[in-house]
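*Asks:* Handing you a structure now.
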Amino acid sequence: MKKRVFALIISFIILVAALPAYSYNIKDIQLVVNGQNISLNAQPVLINGRILVPARIAVESMGGYLDWYAKEGRIVAKRDNLKLTMYSGGYKAYCGNSTIKMDVPPVLKNGTVMLPIRFIAENFGYPVKYDAVNGRVIVGNGDSSSGNSRGDDRGGNINFSNYKVVIDAGHGGYETGAIVSGVYEKDLNLAIAKKLNTLLKNSGVKTYMTRTTDRRVGLYERSGLANSVNADLFISIHNNTQWQKSIKGSMTLYYPNGVSKNGLNGYKFASIVQKNLNSKLGTDNKGVIQRPNLAVLRTSKMPAVLVEVGYMTNRTELGKLLTDSYKEKAAVVLKDSVLEALKNINK
Ligand SMILES: [Zn+2]
């Protein structure tokens, strides 16, 4: 008997602890995504100071897709290669191999799944602002006419000397990175990085390299340099490995640091790099991938990407990577990508 009472008390405590401290409707809050007013099919909710909005509309307004599995309470938000799995009432989101803590969980309200807007937007690579005066949540560019297209319209007459770019050759010294058939990843990375540095300098860009020799560089030293010179962009160069030797291609990683320079964030920068590697270098598309836990990107205060140029474990791709002409071609593609990204920043 005592046991049952005890169990009852425990389950009551768990129930109470699981409930948000307070939750009420916030009337007339508006959601603006890239300058567009998004009409919501349910009123937003405020929980512990976080605004939650109807999930499907929010995700779709940012160009994503939402799947809702009512039985398991599972919510899957997808955008390009990013997949976020969350659970109604759960404080954890799952993305690839990483778990991201949420300060408020998704909730189900009158049959509508509600998601914390800031969490979703930031993980999709959008900046978020709350305009308290007008009661608006502003995701992406406040003005739909600004951002991406404006940079492109300006064409080639940009003075790139106003821009600073940090080039990071991955690994170095005793941190060799991958070693495949006697080839050290650190050497491939440095060779491409040096070529990129020369090409960008020739275009007028102010460049900084985290290393120019085979030396070990601390993880935080890399983004530390980028932060200290107030760089506009950070690009880290790596090469990949896979136990499955048939896999080849390029992959670009980014960190969702919420930093946006005139609409250019890590995700957009990564997308530009990846698109060009696939179309101009002719590599397989291994995706634009969000990496919330990558130290080299996490501490950077500007759009930052990590490029995996090719797979060293693929015999054909390693063969190419060993030639000077392929490394040069890769560097040209990366240079074009950086310039394209800088045009977006549009100083
Ligand atoms: Zn590496």
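Numbers in my numbering are just positions in the sequence shown, counted from 1, shifted up by 1. Just so it is clear, CB atoms sit at the ideal spot from N, CA and C, and this is done for glycine as well. Bear in mind the structure is a predicted one, so any value in this text is a computation, not a measurement.
#1: Got a sec: does ligand 1 put a non-hydrogen atom nearer than 6 Å to the Cβ of E222?
#2: Excluding the 5 residues flanking K262 on each side, which residues of the same chain have their C-beta closer than 6 Å to its C-beta?
#3: Does the beta-carbon distance from Y70 to K79 come in below 7 Å?
#4: Would the beta-carbon of G173 be found less than 6 Å away from any heavy atom of ligand 1?
#5: Might you give, ordered along the chain, the residues of its own chain that have their beta carbon closer than 6 Å to the beta carbon of A335, omitting 5 neighbours on each side?
#6: Looking only at its chain, what residues have a beta carbon closer than 6 Å to the beta carbon of A43, apart from the 5 residues adjacent to it on each side?
#7: Indicate whether M313 and L319 have their beta-carbon atoms separated by less than 7 Å.
#8: Looking at G178 and ligand 2, is the gap between the Cβ and the nearest heavy atom below 6 Å?
#9: Give every residue of the same chain whose Cβ lies closer than 6 Å to the Cβ of R51, excluding the five residues on either side of it in the sequence, and list them in chain order.
#10: Closer than 6 Å to a non-hydrogen atom of ligand 1 - does that hold for the CB of E186?
#11: For V46 and Y256, I'd like the C-alpha separation in whole angstroms.
#12: In chain order, what residues of the same chain lie with their CB nearer than 6 Å to the CB of K93, ignoring the 5 residues before and after it?
#13: Please work out which residues of its chain come closer than 6 Å, Cβ to Cβ, to R212, disregarding the five sequence neighbours upstream and downstream, and give them in chain order.
#14: Identify the continuous alpha helix (DSSP H) that holds L109 and give its terminal residues.
#15: Bridge partners for N38 per DSSP, in chain order?
#16: Does the beta-carbon of A133 have 16 or more other beta-carbons within 10 angstroms, so that it is buried, or is it exposed?
#17: Can you give me the Cβ contacts of N135 inside the same chain, cut-off strictly under 8 Å, excluding the 5 residues immediately before and after it?
*Replies:* To lay it out plainly:
#1: no
#2: I346
#3: no
#4: no
#5: Here residue 335 is Leu; the residue named in the question, Ala, does not match the sequence. So the qualifying residues of the chain are L197.
#6: P55 and T113
#7: yes
#8: By its list of ligands, the structure shown excludes ligand 2, since it contains just ligand 1.
#9: V105 and P117
#10: yes
#11: 28 Å
#12: T100
#13: A170, G173 and V218
#14: Segment V108 to K110 is the beta strand (DSSP E) holding L109; no alpha helix (DSSP H) there.
#15: V33
#16: exposed
#17: Q31
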